[in-house]
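**Student:** In order, the protein sequence lines correspond to chains U and D.
Counting along the first sequence from 1, when you hit position 170 you're at 169 in numbering that gives the first Met the number 0, and nothing is skipped either side.
Counting along the second sequence from 1, when you hit position 66 you're at 65 in numbering that gives the first Met the number 0, and nothing is skipped either side.
Don't be surprised by glycine CBs; every beta carbon is placed ideally from N, CA and C.
Here the structure is a predicted model, which is why all the values come from computation and not from measurement.
Supplied in structure tokens, the structure appears directly below.
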Amino acid sequence: MGIGAGDGYAYLDAASSEPLHPAARDVLLAAVDQGYADPRRLHGPGRNARLLIDNAREVVAESLAVARDEVVFTSSGTEAVQLGLLGLVRTETAPAVVSAVEHQAVTDAAGWHGRVVRTVPVDRLGRVDPETVAEAAATGAPEATGVVAVQHANHEVGTVQPVEQVAERLGGVPLFVDACASMGRLPLPDGWSALAGSAHKWGGPTGVGVLVVRRRAWWARPYPTDDPVARTEHGFTDVPGALAAAAALRAVVAERDEVGRRQRELIDLVRARVAAIPDVDVVGDPDDRLPHLVTFSFLYVDGEALVTELDRLGFGLASGSACASDTREPSRVLTAMGALTHGNARLSLTRDTTRAQVEALLDALPAVVARIRAQVGIA
Amino acid sequence: MSVAALELDCRARPCPQPIIELGRHLRDVGVGQVLAVVADDPAARHDVPAWCRMRGQEYVGEDAAADGVPRYLVRRLE
């Protein structure tokens with residue numbers, strides 16, 4: 000545990016980064032000694048590295064129910080998003096269509112070099128309407144849509160998107176799916192051409208992303224490359240990292256029914272107890288959602304003060320409020336949903352968060368909110 | 000746009016202060032009257048309508064003060 004996170008501290012921000020899974024830790028330590036060489040070389044250490052990377056790819060493919068040669072390891076989730084989305088677009092000028100609640104990395108990739116981006120609104124639960132996405136994708140001006148991006152599940156509010164219903168309506172336009180928030184936690188939907196994940200969000204190490212490109216999809220590497228033929232190599236892969244990410248993913252998929260059920264119950268409990276605090280907006284779909292996270296906003300409360308006070312009491316939560324962000328802009332996800340943006344906190348469970356930790360937070364929260372409100376003269 | 004019975008100057012005040020002012024001063028206008036919040040904080044554009052939804056008041060819309068700063072209009076319903 001790091002600074003400010005000693006015994007008794009409840010880290011409730013797994014959606015930002017899940018602690019390393021025990022299965023990944025053992026593999027990482029072993030692979031660091033074995034996987035140093037260049038897997039493209041023909042000597043023994045190179046063959047060792049090749050074996051390890053092939054094994055990592057095999058395990059990831061099996062865990063995600065995709066083919067082995069569809070898996071590419073990248074250096075982050077962001078890089079997987081950029082490679083995946085941009086690689087699907089055939090021309091530099093073809094417009095992109097994105098949902099209003101995509102991660103910033105997706106929106107930034109879509110609009111790179113001034114590409115026209117059409118943004119599809121979401122409903123109060125944060126969900127796109129497949130027909131509206133299809134209409135935006137079918138708009139031919141200034142030229143045919145190059146790519147559509149709809150996430151699998153939202154990273155801030157947990158709402159699951161109707162990816163397959165969107166895919167059915169797109170005709171020939173390729174669909175990119177950001178699955179960084181959901182990979183390992185939910186089975187993947189079908190119908191996409193490329194899909195991205197991020198290992199540290201499921202308990203793998205940081206600095207490992209996963210890009211899956213369908214065999215049948217048209218995809219071309221959007222960046223300079225020394226090997227235009229090999230789809231599955233991107234730079235020098237972090238072999239130990241990839242192997243540890245694969246081990247964590249396999250473990251998370253194996254335990255997800257049990258862990259997911261427990262997390263769903265705890266989040267249901269959080270939603271019910273937080274909703275009983277006056278003047279609160281509990282955000283996102285209560286049922287069709289990620290198992291491990293929930294977002295809520297308290298009227299008249301400063302989000303930075305809220306998460307700072309909770310940290311002081313031993314609870315680590317994220318905030319999407321403007322005052323708690325680097326940009327001072329409110330969360331695009333919350334604004335797109337019409338949700339209250341200030342006084343916001345996102346709670347997300349790690350695989351070993353206990354009911355006692357969650358109940359301790361729920362016991363502390365009403366007084367924290369009341370105290371901050373009292374400081375600004377609102378009872 | 001509707002004529003405001005009271006205008007709150009929240010220029011240069013960060014979130015959530017414009018909303019706190021709104022909550023404090025709603026009862027300074029009569030039922031059916033309009034309260035205006037002048038605020039340059041970007042969160043106010045989203046949080047004034049959200050406040051209206053949560054507190055059961057009517058969000059009338061947005062115009063601008065003479066200096067161009069956004070002005071958000073709320074009608075007191077109860």
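1. For chain D, check one thing: does any of its Cβ atoms lie closer than 8 angstroms to the Cβ of U/Val375?
2. Since D/Arg23 contacts D/Val68 with CB under 8 angstroms, what's their CB separation in whole angstroms?
3. Of all the options U/Glu303, U/Leu305, U/Leu298 and U/Val332, which has the alpha carbon lying nearest to the alpha carbon of D/Glu20?
4. What is the rounded straight-line gap between the Cα of U/Asp237 and the Cα of U/Ser197?
5. Does U/Leu309 have its Cβ less than 8 angstroms from a Cβ in chain D?
6. Per DSSP, U/Asn343 forms a beta bridge with which residues?
7. Can you list, in chain order, the residues of the stretch 284 to 303 of chain U whose Cβ is nearer than 7 angstroms to any Cβ on chain D?
8. From what residue to what residue does the beta strand (DSSP E) around U/Ala95 run?
9. With distances taken Cα to Cα, identify the nearest neighbour of U/Val146 among U/Pro120, U/His199 and U/Gly83.
10. With 7 angstroms as the C-beta to C-beta threshold (strictly closer), list the residues of the stretch 335 to 357 of chain U near chain D in chain order.
11. Counting Cβ pairs closer than 8 angstroms, one from the stretch 208 to 228 of chain U and one from the stretch 13 to 27 of chain U, do we hit at least three?
12. For D/Tyr71, count neighbouring C-beta atoms within 10 Å of its own C-beta (all shown protein chains included) and say buried if the count is 16 or more, exposed if not.
13. Mind pulling the chain A residues with CB within less than 7 angstroms of U/Asp278?
14. What three-state label does DSSP hand D/Arg120 in the structure shown?
15. Are the beta-carbon atoms belonging to U/Val59 and U/Val80 less than 8 angstroms from one another?
16. Smallest Cα separation from U/Pro239: which of U/Val115, U/Arg39 and U/Asn54?
17. What residues from chain D crowd round U/Pro329, counting only those whose CB sits closer than 8 angstroms?
18. So the alpha helix (DSSP H) U/Gly313 belongs to, where does it begin and stop?
19. What runs of the alpha helix (DSSP H), each 4 residues or longer, lie entirely inside the stretch 98 to 134 of chain U?
20. May I ask you to list the residues that DSSP assigns as paired with U/Thr307?
21. Can you list, in chain order, the residues of its chain with a C-beta nearer than 6 angstroms to that of U/Phe72? Leave out the 5 residues immediately preceding and following it.
22. Tell me the DSSP secondary structure of U/Gly196 in three-state form.
23. Identify each residue in the stretch 18 to 34 of chain D for which the Cβ-Cβ distance to at least one residue of chain U is less than 8 angstroms, and report them in chain order.
24. List the residues that DSSP assigns as beta-bridge partners of U/Pro161.
25. In whole angstroms, what is the alpha-carbon distance linking U/Leu265 and U/Ala321?
26. Who are the Cβ neighbours of D/Pro15 in its own chain at under 8 angstroms, not counting the five residues just before and after it?
27. Give me the DSSP bridge partner(s) of U/Asp12.
28. Give the DSSP-derived three-state secondary structure of U/Ile2 in the structure shown.
**Tutor:** Considering the structure as presented:
1. yes
2. With 8 angstroms as the limit, D/Arg23 and D/Val68 do not qualify as a contact, their Cβ atoms being about 20 angstroms apart.
3. U/Leu298
4. 14 angstroms
5. no
6. U/Ser296
7. Going along the stretch 284 to 303 of chain U in chain order, one finds Leu298, Tyr299, Val300 and Asp301 with a Cβ nearer than 7 angstroms to chain D.
8. Segment Ala95 to Ser98, the beta strand (DSSP E) holding U/Ala95.
9. Taking U/Val146 as reference, the option from U/Pro120, U/His199 and U/Gly83 with the minimal CA-CA separation is U/Gly83.
10. Gly337, Ala338, Leu339, Thr340, His341 and Gly342
11. Contact fails: fewer than three Cβ-Cβ distances are below 8 angstroms.
12. buried
13. Absent from the structure: chain A. Protein chains present are U and D.
14. Chain D is shown from 0 up to 77; residue 120 of chain D falls before or after that span and cannot be answered.
15. no
16. U/Asn54
17. Cys14, Pro41, Ala42, His45 and Asp46
18. Unbroken run through U/Gly313: none, as it is neither H nor E.
19. 103 to 109
20. Beta-bridge pairing links U/Thr307 to no other residue.
21. Contacts found: Thr236 and Ala241.
22. In the structure shown, U/Gly196 sits in a strand (DSSP, three-state: E or B).
23. Residues passing the 8 angstroms Cβ filter: Ile18, Ile19, Gly22 and Arg23.
24. In DSSP, U/Pro161 forms no bridge with anything.
25. Rounded to whole angstroms, the separation of the alpha carbons of U/Ala321 and U/Leu265 is 27 angstroms.
26. Ala42 and Asp46
27. U/Ser347
28. Note that U/Ile2 has pLDDT 49, beneath the 50 cutoff, so the model's placement of it is unreliable and the number below is only indicative. Correct three-state label for U/Ile2: coil.
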